[in-house]
Structures are given as C-alpha cells and as structure tokens.
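Numbering (this note's numbering), first residue to last: 2 to 570. Here a beta-carbon is modelled for each residue, glycine too, at the ideal position from N, C-alpha and C. Here the structure is a predicted model, which is why all the values come from computation and not from measurement. Report on the structure given below.
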C-alpha cells in the first residue's frame with residue numbers, strides 16, 4: 002500500500018542528498034555567507050565538526066520573518082520563476098540546505114540586518130523550531146550547528162575520525178576561499194587557529210596564502226578573454242607535477258566544479274613535457290554568461306554543464322599550451338656541450354643558392370667501442386646480433402639502446418635502476434622493520450595545515466617505514482639506504498602521507514618500503530659512463546622480472562625489425 006511519508010522522515014531522506022558529512026554543512030554555510038555579501042567569514046569547529054560547526058559572517062543578515070522562512074524547504078530569495086534558473090550566479094538557490102541541516106542537527110541562528118535595532122535568535126532541533134526571541138547581536142548572521150546526525154544514529158556511526166572529517170572540511174574551505182581573495186576568512190579547530198587569510202588583491206596572493214609559499218615559484222600564468230569565456234588562473238611547471246597529491250581546482254563564475262573532460266584538456270596541453278604518471282597543479286577560473294551554464298544537475302552543485310563544452314576544451318588547451326610552451330622554450334645552456342641548443346632557421350633570399358653541406362668524418366672511428374670490455378651483452382631473451390661486443394647507445398640521458406636479433410632493445414634507465422635497487426633492498430626489509438638512521442641535519446617539512454593533520458595521524462606509520470619525526474615537523478632519521486638530501490626525504494614523506502589507509506593492506510609492508518627506497522635511489526642516481534651502463538644492463542637482466550618496475554611500469558621495449566623496415570618502404 003502506498004502512503005505519504007511523515008514530513009520529518011521525508012526531510013531526513015532529503016537531507017541525505019545534500020548533507021553527507023560535516024564538510025557538506027560547512028560548504029552550504031560558507032556559500033550562504035558569501036551570498037550574503039560578507040567581507041569577513043569565520044568558521045569554528047569542534048571534534049572535526051561532529052560536535053560543533055559555527056559560521057559567522059558580517060553580511061546583510063535577515064529580518065525575523067526571513068529567518069523563520071529560511072528553514073522551510075524550497076524557501077529561497079534567488080528564484081522567482083523558471084527563467085531565473087538560466088541566470089543564477091549565487092551559490093545556494095534551491096532552498097534545501099538549511100532545511101536539510103535543521104532536520105538532522107541542533108541548530109541555532111542569530112541574525113540582524115544593519116537597519117534593525119535588534120536581531121533574532123532561533124533554535125531548531127529535528128526540523129522543529131524550539132524557540133524564537135529578540136536579542137542584541139552584531140549585523141550579519143551567526144549559524145551554529147551541533148550534534149550532526151544526532152537523530153540518525155546509523156549515519157553518525159559512518160563518520161570517520163576527527164582528522165579525516167577535518168580534512169574534508171578543509172577541502173570545502175579551500176574551494177570557497179580560493180575564489181574570494183577580497184574577503185577575510187578564518188578557520189579554527191578545537192580552539193587552534195588553522196587559517197587566518199586576510200583580504201588581499203589577487204588570486205595568486207590567496208592561492209599562496211592558502212596552499213603554501215613554496216607554490217609561488219611553481220606557478221605559470223594563463224589568461225585569455227574571448228566572446229564566449231574568459232579563462233585565467235595558474236598552472237604548475239611540468240617539473241612541478243605530482244604522482245600523488247598536488248592541487249587541482251576548476252571554478253566557473255566563482256563556483257568550484259569538477260570536470261574530467263576539462264581535466265583532460267589540461268593534461269593534453271602539456272603533451273610530452275609532463276613526466277609520465279604525473280599530474281600538474283592548476284587553479285583555473287572560468288567566467289562565462291550564466292545562460293550557457295547549467296549548475297542544477299547535481300544536488301551538491303559540483304558538476305556543471307556548458308553549452309559549448311568542446312569549444313571551451315579547445316580554448317583551455319590552447320592557452321595552457323601557450324603558457325607551458327613559453328616556459329619550456331626559455332633559453333637554456335647545456336654545460337656538457339658548452340653551446341646553446343636553439344637554432345632559428347632563416348629562409349634564403351630569392352635566387353640565393355645554398356650548397357649542400359659536406360660531412361667530414363673518420364669512417365674507422367667507433368665512439369662506442371670500449372677496449373676494456375670484451376664480453377657480449379646479455380639481452381632479455383635475445384642473443385646479441387654479433388659475436389663481438391654489442392654496441393650500447395645512450396639516448397637523451399633517459400634511454401639505453403642496443404641491437405638484438407629481433408630489432409632494437411630500448412631500456413628506460415631510471416626504471417631499470419628501480420627494479421635493480423628493489424631486488425637488492427627487498428631481502429633487507431621483507432621480515433624486519435628498518436632501524437632509522439639519524440640525519441646530521443633535520444629536514445624541515447614545511448607542511449600546510451591539512452598536511453600537518455596528516456602527519457599527526459601518521460607518525461606511527463612513518464616510524465614503521467623508518468622515518469623519525471620531532472615535535473616541530475622535522476624529519477630527524479630516515480631508513481637505511483635512503484638518500485639524505487632534503488628533497489628526497491620530503492618526497493618520500495609526502496608519498497607516505499598521500500597514501501590511502503586501505504593501500505596499506507594491499508601491499509606487504511617490506512615490499513612498499515623497498516619500492517619507495519628504490520624510486521628515491523634511482524631518481525638520485527647520476528648518468529653513468531659506458532662501463533656503468535653495461536653493468537646496469539647486466540644487473541637488470543639478472544633480476545627476476547627485468548621488464549617491469551615494482552609498481553608495474555614498463556622498463557624495456559623492443560622495436561621489431563619489421564617495424565623499422567616500414568619506415569623505409
């Protein structure tokens with residue numbers, strides 16, 4: 002039999018679409034504060050938001066009548082008719098957020114308009130208004146949410162630890178503050194100030210203030226203005242990309258959104274300049290006519306739909322490619338050759354004859370012959386082409402190339418080193434934990450607030466991996482064999498902190514540590530001479546699995562002779 006649900010149950014079900022965790026509440030309250038015109042917004046939390054979330058602003062405030070209506074479902078000041086949906090530029094407009102929050106928490110609102118002498122205080126529990134009274138308060142709104150999911154115990158049990166919930170809240174906090182450098186924001190957790198972001202003039206100032214000063218040197222500007230869309234923001238240099246972590250933000254008209262399609266445009270724009278398995282940092286701001294954007298396709302409004310998405314894709318790709326190209330084509334000196342490597346072709350004058358250059362060379366000269374070595378090269382299941390020593394060619398400091406019976410064998414040098422170091426290290430760590438080795442000089446991590454929380458949460462795991470920390474967020478000891486330069490230490494710590502908790506159980510501890518150390522050691526290894534390269538090849542093909550790195554990336558490839566023949570048909 003069909004029957005209509007009671008209002009309080011219907012409200013709790015509807016709340017599940019909008020409010021999934023404390024971070025969802027902070028998102029809605031901060032967006033409302035921005036829409037109110039406030040130039041200062043303060044966020045206060047207790048116990049990762051599970052006990053208390055308070056957002057205070059100095060915006061326009063509400064009258065007593067509007068304060069009551071604000072908690073009714075579908076009560077909004079933004080929409081009067083269907084046509085208004087085509088021009089929405091504010092955050093909240095469906096009138097569901099406050100009603101949803103009030104149905105699953107204890108809520109107290111204090112609010113006053115500038116022109117009113119007295120303000121209003123309303124308290125609500127489970128959608129029921131328990132009191133309304135006139136009070137003296139500052140202009141603006143102060144909304145306090147306590148005991149989230151107190152009447153939905155199943156939902157409350159699914160909340161994660163304080164650190165995890167706080168990390169989600171900080172992500173929502175970032176998504177708002179990064180769009181509004183002209184406003185002051187603060188974030189306090191358990192009476193500790195995590196962020197104090199004063200109003201500034203530029204987006205770059207706000208990005209650096211939020212994400213860390215070290216980011217300032219990594220960012221490249223992008224800026225293009227067309228009749229369809231304006232694109233501005235910042236992208237990281239190719240070398241400052243991340244395998245894990247990093248920051249990736251897309252905004253349209255001051256609203257954060259996700260788009261795998263436009264993310265692909267960013268990646269495509271870097272092309273081969275982006276190292277493998279790496280993703281750049283970017284902060285991209287789009288401004289477009291609201292009529293060509295649909296923001297009403299997801300309850301949390303993190304997805305948007307553009308009318309001309311393919312055109313925006315091409316524009317975004319082009320402006321990033323231009324910025325990265327300017328950076329990549331900057332003048333550079335190759336100190337090994339002692340000469341500039343950029344050659345600008347100049348067309349000949351009309352009628353001018355340019356003679357073909359003549360090559361001078363010694364046909365008997367063999368730059369690859371090493372008279373000190375006479376053994377033939379062992380090659381991954383292949384016999385050398387000739388009985389005497391097989392030539393080995395270094396290519397762009399990245400690859401080693403040698404002929405084999407079926408074609409050309411190409412070895413990725415750094416990945417080969419990873420495999421070699423991994424198999425050498427694995428027996429040392431398979432059955433016992435590493436004993437940390439003290440550093441002469443501690444390495445400062447210079448973590449952002451969100452990373453500091455991760456560090457506190459993972460100190461035990463870091464110690465198990467051989468990294469010892471002090472109370473000042475410095476690394477004081479590292480595992481045996483680990484490179485001791487600051488960047489290698491920082492990269493390893495960030496890698497551990499960025500791993501998800503479930504990844505720990507999927508890979509045996511000793512294998513994880515050996516793989517991480519192998520990556521660091523391979524990255525710090527300098528280019529070898531001919532003898533060292535031959536030794537590398539010997540060691541690689543003595544490994545149990547020479548064709549793959551510990552995490553499954555390809556180390557070797559063979560270009561068949563048939564494929565080479567096709568180039569000369």
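Drop a sphere of 10 angstroms on the beta-carbon of residue i, count the other beta-carbons inside from all chains shown, and report buried for 16 or more, exposed for fewer.
i: residue 119; result: exposed
i: residue 447; result: exposed
i: residue 422; result: buried
i: residue 129; result: exposed
i: residue 159; result: exposed
i: residue 520; result: buried
i: residue 534; result: buried
i: residue 309; result: exposed
i: residue 240; result: exposed
i: residue 513; result: buried
i: residue 71; result: buried
i: residue 296; result: buried
i: residue 38; result: exposed
Hey, quick one: how far does the beta strand (DSSP E) through residue i stretch, first residue to last?
i: residue 132; result: 129–136
i: residue 142; result: 141–147
i: residue 193; result: 193–198
i: residue 438; result: 438–445
i: residue 1; result: Absent from the structure is residue 1, since the part of the chain shown begins at 2 and ends at 570.
i: residue 450; result: Per DSSP, residue 450 belongs to no beta strand (DSSP E); it is in the alpha helix (DSSP H), 450–465.
i: residue 47; result: 41–47
i: residue 409; result: 408–413
i: residue 230; result: 230–237
i: residue 395; result: 394–396
i: residue 248; result: Taken as a continuous stretch (DSSP letters only), residue 248 belongs to no beta strand (DSSP E), as it is neither H nor E.
i: residue 256; result: 256–258
Tell me whether residue i sits in a helix, a strand or coil according to DSSP, three-state version.
i: residue 478; result: strand
i: residue 217; result: helix
i: residue 166; result: helix
i: residue 561; result: strand
i: residue 54; result: strand
i: residue 152; result: coil
i: residue 485; result: coil
i: residue 470; result: strand
i: residue 126; result: strand
i: residue 570; result: coil
i: residue 120; result: strand
i: residue 433; result: coil
i: residue 333; result: Since pLDDT at residue 333 reaches only 40, below the 50 mark, its modelled position is unreliable, and no value is offered.
i: residue 322; result: helix
i: residue 222; result: strand
i: residue 420; result: helix
i: residue 1; result: The question about residue 1 has no answer, for the chain in this structure spans 2 to 570.
i: residue 109; result: strand
Taking C-beta to C-beta, are residue i and residue j nearer than 9 Å?
i: residue 287; j: residue 236; result: no
i: residue 183; j: residue 40; result: yes
i: residue 393; j: residue 565; result: no
i: residue 526; j: residue 395; result: no
i: residue 23; j: residue 195; result: no
i: residue 162; j: residue 452; result: no
i: residue 607; j: residue 478; result: Not covered by the structure: residue 607. The range shown for the chain is 2 to 570.
i: residue 45; j: residue 189; result: yes
i: residue 554; j: residue 416; result: yes
i: residue 142; j: residue 33; result: yes
i: residue 110; j: residue 124; result: yes
i: residue 321; j: residue 223; result: yes
i: residue 1; j: residue 420; result: The displayed coordinates of the chain run from 2 to 570. Any statement about residue 1 would go beyond what the structure contains.
i: residue 54; j: residue 20; result: no
i: residue 409; j: residue 559; result: yes
i: residue 261; j: residue 305; result: no
i: residue 516; j: residue 552; result: yes
i: residue 316; j: residue 225; result: yes
i: residue 243; j: residue 279; result: yes
i: residue 115; j: residue 62; result: yes
Which first and last residues belong to the alpha helix (DSSP H) in which residue i is found?
i: residue 516; result: 510–525
i: residue 30; result: 23–36
i: residue 179; result: Unbroken run through residue 179: none, as it is neither H nor E.
i: residue 160; result: Per DSSP, residue 160 belongs to no alpha helix (DSSP H) and is neither H nor E.
i: residue 209; result: 204–212
i: residue 535; result: 531–541
i: residue 68; result: 65–70
i: residue 102; result: 98–104
What do you reckon, is the C-beta of residue i under 8 Å from a heavy atom of the ligand NAP?
i: residue 45; result: The ligand NAP is not among the ligands present in this structure, which contains no ligands whatsoever.
Where in the region 260–319 do unbroken runs of the alpha helix (DSSP H), each at least 4 residues long, occur, reported from the N-terminal end onward?
-> 261–271
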